[in-house]
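Asks: Following this message is one structure expressed as structure tokens.
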Amino acid sequence: MYPGARLPALRDISLDIPEGQFYAVVGPNQAGKSTLAYAMAGYIPHFYRGRLEGKVTVAGLDTRATPLHELVLTAGLIFQNPFNQISGTKFTVREEIAFGLENLGMPRGEMRTRVDETMELVGINHLADRSPLALSGGEMQRVAIASILAMKPKVLILDEPTSQLDPIGSREVFSAVRSLISSEKMTVVMIEHKLEWVAVFADYVIAMVDGQILANGSPSSVLTLDTLQMAGAGQTRYTRAARRARDLGSWPDQHELPVTLEEAEEAFRRLKTGA
Amino acid sequence: MDIQVDSLSFTYPSGVVALRGVSLRIPSGISLAIIGQNGAGKTTLVKHFNSLLQPTSGTVKVGGWDTREHTPAELASRVGYVFQNPDDQLFQSTLRKEVMFGPGNLGWEVDQIEERTRRALEMVGLAHAADQHPYDLSPGERKRAAMAAILAMDTPILILDEPTTGQDHGGIELIGSIVNDLRSQSKTIITISHDIDFCAEHFERVAVLANGQLLLEGPAREVLAQEDLLAKTYVEPPQLIRLAKRLGMQNMPLNVEEFIMYYLHKPVEY
Numbered sequence: 057m058y059p060g061a062r063l064p065a066l067r068d069i070s071l072d073i074p075e076g077q078f079y080a081v082v083g084p085n086q087a088g089k090s091t092l093a094y095a096m097a098g099y100i101p102h103f104y105r106g107r108l109e110g111k112v113t114v115a116g117l118d119t120r121a122t123p124l125h126e127l128v129l130t131a132g133l134i135f136q137n138p139f140n141q142i143s144g145t146k147f148t149v150r151e152e153i154a155f156g157l158e159n160l161g162m163p164r165g166e167m168r169t170r171v172d173e174t175m176e177l178v179g180i181n182h183l184a185d186r187s188p189l190a191l192s193g194g195e196m197q198r199v200a201i202a203s204i205l206a207m208k209p210k211v212l213i214l215d216e217p218t219s220q221l222d223p224i225g226s227r228e229v230f231s232a233v234r235s236l237i238s239s240e241k242m243t244v245v246m247i248e249h250k251l252e253w254v255a256v257f258a259d260y261v262i263a264m265v266d267g268q269i270l271a272n273g274s275p276s277s278v279l280t281l282d283t284l285q286m287a288g289a290g291q292t293r294y295t296r297a298a299r300r301a302r303d304l305g306s307w308p309d310q311h312e313l314p315v316t317l318e319e320a321e322e323a324f325r326r327l328k329t330g331a
Numbered sequence: 013m014d015i016q017v018d019s020l021s022f023t024y025p026s027g028v029v030a031l032r033g034v035s036l037r038i039p040s041g042i043s044l045a046i047i048g049q050n051g052a053g054k055t056t057l058v059k060h061f062n063s064l065l066q067p068t069s070g071t072v073k074v075g076g077w078d079t080r081e082h083t084p085a086e087l088a089s090r091v092g093y094v095f096q097n098p099d100d101q102l103f104q105s106t107l108r109k110e111v112m113f114g115p116g117n118l119g120w121e122v123d124q125i126e127e128r129t130r131r132a133l134e135m136v137g138l139a140h141a142a143d144q145h146p147y148d149l150s151p152g153e154r155k156r157a158a159m160a161a162i163l164a165m166d167t168p169i170l171i172l173d174e175p176t177t178g179q180d181h182g183g184i185e186l187i188g189s190i191v192n193d194l195r196s197q198s199k200t201i202i203t204i205s206h207d208i209d210f211c212a213e214h215f216e217r218v219a220v221l222a223n224g225q226l227l228l229e230g231p232a233r234e235v236l237a238q239e240d241l242l243a244k245t246y247v248e249p250p251q252l253i254r255l256a257k258r259l260g261m262q263n264m265p266l267n268v269e270e271f272i273m274y275y276l277h278k279p280v281e282y
């Protein structure tokens with residue numbers, strides 16, 4: 057519960073996120089998604105004040121008992137607004153991405169390699185010598201993502217990391233995260249509204265409404281829930297088109313609703329062939 | 013009130029070239045979505061429409077006014093610009109004062125200002141929050157607050173820079189219905205958006221920018237189906253057009269109702 061708030065932002069949340077899995081968190085605004093992210097990264101209770109009940113452990117560390125400067129070695133948080141992430145003390149994007157690594161005391165040569173690799177992964181090589189403060193919204197968001205990825209945290213928490221990115225750039229962030237899970241065994245929790253890419257890339261989806269968990273399961277089971285649509289979280293156009301067909305009596309009850317392009321293609325073809 | 017852009021180029025003081033010879037005519041009463049990759053020059057282009065930026069070369073005319081000869085304050089009666097980041101725009105101590113500020117500077121009667129303010133707050137679903145401090149609102153609400161402040165000025169031309177970012181599904185639906193409402197009032201409405209599905213559903217024309225140049229401008233249905241051209245600027249066709257292509261459909265649907273009509277031959281209900 058935040059200071060001055062009438063209601064708690066989170067209510068009785070219990071979750072177990074296994075190592076090496078990609079969890080997406082969806083839900084309407086003010087459902088408590090960012091608060092959950094802050095609690096997982098230890099920003100609650102160390103940075104944001106309020107009343108916290110219950111316990112959060114990240115890779116075995118109790119977030120309440122572990123200071124933030126130790127937690128950041130394990131859990132990296134990418135903020136919703138990239139402007140809040142940029143240090144404001146660096147003259148170039150390259151230096152900005154090195155900032156976290158400097159604080160970890162990484163040797164210079166290794167740092168250079170790590171920064172170059174990360175810029176390549178996020179597609180910002182061409183911005184290396186620009187000022188981090190004179191970028192477009194989407195460019196700055198990529199820099200903010202790179203500045204955390206460079207530290208290779210075991211647990212990566214992203215709060216709407218693609219909100220200002222162009223469409224293919226958004227998909228590339230999902231794909232980069234997926235590849236880090238394979239290569240680094242990272243555990244990922246990503247808050248996102250872009251349901252098409254959530255459906256394609258995430259292992260599990262947590263749906264939140266009013267500070268509580270409404271559902272937790274596979275993308276196709278959670279993203280097709282009528283209750284989620286009604287709660288204002290939305291659905292992909294593929295699911296909405298299928299729902300519309302169902303409302304018109306053209307969708308057999310035993311057919312599942314699609315969430316991805318591939319599933320939608322197959323399902324709508326099946327309607328025509330009658331298979 | 014047309015917007016006429018001729019051979020517009022713009023270079024920022026840092027030396028970054030943002031626009032390279034853009035020519036575009038936006039007729040009165042049109043709804044236009046400007047799309048393209050990050051850093052393509054979209055925001056730079058629209059900041060010329062109310063003379064927040066001045067051309068390095070070329071000209072921009074708004075209703076015949078050359079923007080080099082008019083201040084942003086003068087153009088404020090013609091062009092309303094809702095910033096991408098509401099925190100760049102909001103500065104008053106209550107939402108009501110915030111929304112009254114713009115019309116107050118247009119020299120209207122008090123009654124008219126109050127009426128426009130009330131209507132604008134109703135349109136964005138924030139009538140209940142009129143006495144709150146803008147910074148006590150959630151980011152999604154602040155975005156709609158910034159929109160109300162511009163709607164209240166009743167300008168013939170409106171620019172919405174990334175209106176759907178930070179909005180959930182309900183917020184996007186609300187903004188879509190505001191756009192439809194403004195279209196029915198024959199306002200010129202221009203948006204910059206990465207939400208291509210939203211553009212398809214609510215805007216009749218689309219302009220594609222890449223690397224400071226205009227690649228194409230035309231009806232949404234034609235432009236948004238050009239997969240290869242869009243890919244050059246990191247954009248993909250909307251979900252339902254991609255699905256329609258996979259299914260070998262001839263007619264490209266812009267929304268769910270059209271998809272159902274074209275694929276299942278069911279009648280449309282709006």
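So the protein sequences, as listed, match chains A and B.
Each residue of the first sequence is one higher than the one before, counting from 57 in my numbering.
Each residue of the second sequence is one higher than the one before, counting from 13 in my numbering.
Using N, Cα and C, we set each Cβ at its ideal position, and we do this for glycine too.
Is Glu88 (chain A) buried or exposed, if buried means 16 or more other CB atoms sit within 10 Å of its CB?
Replies: Just to set this straight, residue 88 (chain A) is Gly in the shown sequence, not Glu. Buried: at least 16 other Cβ atoms inside 10 Å.
Asks: Counting only Cβ pairs nearer than 7 Å, list the residues of chain B close to Tyr294 (chain A).
Replies: Under the 7 Å cutoff, chain B gives Gln251, Leu255.
Asks: Got a sec: is the Cβ-Cβ distance from Phe271 (chain B) to anything in chain A below 7 Å?
Replies: Judged by the 7 Å Cβ criterion, Phe271 (chain B) is in contact with chain A.
Asks: Quick check: what's the CA-CA separation for Tyr282 (chain B) versus Leu304 (chain A)?
Replies: Caution is warranted here: a pLDDT of 47 is assigned to Tyr282 (chain B), below 50, making its placement in the model unreliable, and the coordinate value is therefore given only provisionally. Near 14 Å, if we compare the C-alpha coordinates of Leu304 (chain A) and Tyr282 (chain B).
Asks: Among the residues of its own chain, which have a CB less than 8 Å from the CB of Asn50 (chain B), if the five just before and after it don't count?
Replies: Here the set comprises Tyr246.
Asks: Within the chosen definition, does the region 284-292 of chain A reach the region 13-33 of chain B through at least 3 CB pairs nearer than 8 Å?
Replies: The region 284-292 of chain A is not in contact with the region 13-33 of chain B.
Asks: Write down every uninterrupted run of the beta strand (DSSP E) in the region 124-200 of chain A whose length is 3 residues or greater and which is fully enclosed by it, in chain order.
Replies: Listed in chain order, the complete beta strand (DSSP E) runs (minimum 3 residues) inside the region 124-200 of chain A are 131-134.
Asks: Kindly indicate which residue of B:Leu107, B:Gln144, B:Ala142, B:Met165 has the alpha-carbon position closest to the one of Ile125 (chain B).
Replies: When each option's Cα is compared against that of Ile125 (chain B), the closest is B:Met165.
Asks: What does the Cβ neighbour count give for Val149 (chain A), buried or exposed, with the cut at 16 atoms within 10 Å?
Replies: Buried, since its Cβ has 16 or more Cβ neighbours within 10 Å.
Asks: Quick one: list the residues of chain A neighbouring Asp18 (chain B), beta-carbon separation under 7 Å, in chain order.
Replies: Near Asp18 (chain B) there are no residues of chain A at all, since even the closest Cβ is about 24 Å away, more than 7 Å.
Asks: Here's the rule: buried if 16 or more other CB atoms are within 10 angstroms of the residue's CB, otherwise exposed. What is His6 (chain B)?
Replies: Lying before the first or after the last residue shown, residue 6 (chain B) is absent from chain B, which here runs from 13 to 282.
Asks: Asp309 (chain A) to Ser277 (chain A), Cα distance in whole Å?
Replies: So the alpha carbons of these two residues sit roughly 15 Å apart.
Asks: Are there 16 or more other CB atoms within 10 angstroms of the CB of Val254 (chain A), so buried, or fewer, so exposed?
Replies: That one is buried.
Asks: Counting pairs of Cβ atoms below 8 Å between the region 105-112 of chain B and the region 151-167 of chain B, do you hit three or more?
Replies: Result yes; three or more Cβ-Cβ pairs closer than 8 Å.
Asks: With DSSP as the reference, label Ile184 (chain B) as helix, strand or coil.
Replies: Ile184 (chain B) falls in the helix class under three-state DSSP.
Asks: Just list the residues that DSSP pairs Glu213 (chain B) with in beta bridges.
Replies: Paired residues: none, contrary to the question.
Asks: So with Cβ pairs under 7 Å, would you call Pro123 (chain A) a contact of chain B?
Replies: So no, Pro123 (chain A) is outside the interface.
Asks: So within the region 214-282 of chain B, which uninterrupted alpha helix (DSSP H) runs reach at least 4 residues, ignoring any that extend past its ends?
Replies: Counting only runs of 4 or more, we get 232-235, 239-243, 251-258, 268-276.
Asks: So, does the region 111-118 of chain A touch the region 135-142 of chain A, judging by three or more C-beta pairs under 8 Å?
Replies: Counting Cβ pairs under 8 Å, fewer than three are found: no touch.
Asks: Compile a chain-ordered list of the residues in the region 95-113 of chain B whose CB is closer than 8 Å to at least one CB of chain A.
Replies: Cβ contacts with chain A: Gln96, Asn97.
Asks: Strictly under 7 Å for the Cβ-Cβ distance: is Glu321 (chain A) near chain B by that measure?
Replies: By this cut-off, Glu321 (chain A) is an interface position.
Asks: Distance, Cα to Cα, Asp18 (chain B) vs Ser69 (chain B)?
Replies: If you take the alpha carbons of Asp18 (chain B) and Ser69 (chain B), they lie about 9 Å apart.
Asks: Any beta carbon from chain A within less than 7 Å of Tyr282 (chain B)'s own beta carbon?
Replies: Confidence at Tyr282 (chain B) is low in this model, with a pLDDT of 47, below 50, so its placement is unreliable and the value that follows should be read with caution. So no, Tyr282 (chain B) is outside the interface.
Asks: Name the chain B residues whose beta carbon is nearer than 8 Å to that of Arg325 (chain A)?
Replies: Simply Leu259.
Asks: What does Gly224 (chain B) reach in chain A if we use C-beta pairs closer than 7 Å?
Replies: Going along chain A, no residue has its Cβ under 7 Å from Gly224 (chain B), so there is no contact; the nearest lies around 12 Å.
Asks: Mind checking who Arg37 (chain B) pairs with in its DSSP beta bridge?
Replies: Per DSSP, B:Gln16.
Asks: Using a Cβ-Cβ distance cut-off of 7 Å, determine whether Asn85 (chain A) contacts chain B.
Replies: So, interface residue.
Asks: Which stretch, first to last residue, makes up the beta strand (DSSP E) that contains Leu133 (chain B)?
Replies: Premise fails: Leu133 (chain B) lies in the alpha helix (DSSP H), 122-135, not in any beta strand (DSSP E).
Asks: Is Trp77 (chain B) helix, strand or coil by DSSP?
Replies: Here Trp77 (chain B) sits in strand by DSSP.
Asks: Run through the DSSP bridge pairs and tell me what Gln49 (chain B) is partnered with.
Replies: DSSP lists no partner for Gln49 (chain B).
Asks: Using C-beta distances below 6 Å, list every residue in its chain close to Lys210 (chain A), excluding the 5 sequence neighbours before and after it, in chain order.
Replies: Result list for Lys210 (chain A): Ala115, Thr130, in chain order.
Asks: Mark Ser190 (chain A) as exposed unless 16 or more other C-beta atoms lie within 10 angstroms of its C-beta, in which case mark it buried.
Replies: Correcting the residue identity first, residue 190 (chain A) is Ala in this sequence and not Ser. Ala190 (chain A) is exposed by the Cβ-count criterion.
Asks: When you compare the region 141-149 of chain B with the region 167-186 of chain B, are there three or more beta-carbon pairs, one atom per stretch, that lie closer than 8 Å?
Replies: The region 141-149 of chain B vs the region 167-186 of chain B: no contact.
Asks: Tell me which residues of the region 299-313 of chain A have at least one Cβ-Cβ distance to chain B shorter than 9 Å, keeping chain order.
Replies: Listed in sequence order: Arg299, Arg300, Ala301, Leu304, Ser306.
Asks: Assess contact between the region 211-219 of chain A and the region 223-235 of chain B, defined as three or more Cβ pairs (one per stretch) separated by less than 8 Å. Is contact present?
Replies: In short, these stretches do not touch, since the Cβ pair count stays below three.
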